[in-house]
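Have a look at the structure below before the remarks.
Laid out in structure tokens, this is it:
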């Protein structure tokens, strides 16, 4: 079931955020993610429309949309990946919004391929403003 984030979900969402980032972005120092934890929890999450994928009262993933167009994050618990949860969350967002944009690290080929498979196209490549690592801007528009 996909539903809107509530306050009680924040710890589970942040646990998924930190562990998945560290694993998926092993080219970035783990300390970078730990330093950004509080900012994400206290600034980004409250500013975004976040939806969680819940199964058996356990949160398995989430998607956060900023300013009704930008996917600030799409994360699925590592033990639940490959089960269609990320695609379900992304499809849910596609139903809610007419266009979506995101940034994905160029070295995270798994994510780039996933978004391409889901209809996103690469429109730009630039260094990430915080980490300096190259990232792609990817966009999707409802037809």
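Numbering (the working numbering), first residue to last: 10 to 152.
All C-beta atoms, glycine included, are put in the ideal place defined by N, C-alpha and C.
**Request:** Tell whether a beta-carbon distance below 8 angstroms holds between residue 23 and residue 53.
**Result:** no
**Prompt:** Between which two residues does the alpha helix (DSSP H) carrying residue 23 extend?
**Reply:** 19-33
**Classification of residue 76 by the beta-carbon crowding that lies within 10 angstroms, buried from 16 upward** = exposed
**Prompt:** Going by DSSP, which residues form a beta bridge with residue 58?
**Reply:** 74
**Request:** Tell me where the alpha helix (DSSP H) around residue 39 begins and ends.
**Result:** 39-48
**Asked** When you compare only the Cα positions, how much space is there between residue 104 and residue 152?
**Response** 12 angstroms
**Prompt:** Among the residues of its own chain, which have a CB less than 6 angstroms from the CB of residue 132, if the five just before and after it don't count?
**Reply:** 146 and 148
**Item:** Cβ-based neighbour list, residue 82, same chain, cut-off 6 angstroms, excluding 5 preceding and 5 following
**Value:** 73
**Request:** Could you name the residues that DSSP lists as bridge partners for residue 95?
**Result:** DSSP lists no partner for residue 95.
**Item:** Rounded straight-line distance, which links the Cα of residue 140 to that of residue 116
**Value:** 13 angstroms
**Prompt:** For the region 33-40 against the region 53-73, are there 3 or more C-beta pairs whose distance is under 8 angstroms?
**Reply:** no
**Request:** Would you kindly check if the distance between the Cβ of residue 34 and the Cβ of residue 114 is under 8 angstroms?
**Result:** yes
**Asked** Can you name, in chain order, every residue of its own chain whose Cβ lies under 7 angstroms from the Cβ of residue 78, other than the five neighbours on each side?
**Response** 106, 108, 109 and 110
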